[in-house]
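Numbering (my numbering), first residue to last: 14 to 121. Ideal Cβ placement from N, Cα and C applies to all residues, glycine included. Here is the structure we will look at.
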């Protein structure tokens, strides 16, 4: 009799298939969250605590506007230095070319 009931309601069978219902997914997520929180409860060494504090402080400093402005100024200085170096390199190359050309110029 039970087999006949299962065949008569195919919609109910589809809803109860493993992996298809939303109810099965929610407990799995909770299990994952619990496993992630467990290692945090473990006591940390002084060295690990210092590292964590340093990370937190650097994150807040990097987000500050002053630090961002300093980084921007630093990058601008670096760009300026590189453009000056390129310009000087081009000048020295062009001087060398001009001097060689002047030797081979035809006199009128």
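Alpha helix (DSSP H) containing residue i: first to last residue?
i	result
residue 66	59-76
Excluding the five sequence neighbours on either side, which residues of its own chain have a C-beta within less than 7 Å of the C-beta of residue i, listed in chain order?
i	result
residue 103	none
residue 108	none
Among residues of its own chain, excluding the 5 on either side of residue i, which ones have a beta-carbon nearer than 6 Å to its beta-carbon?
i	result
residue 80	74
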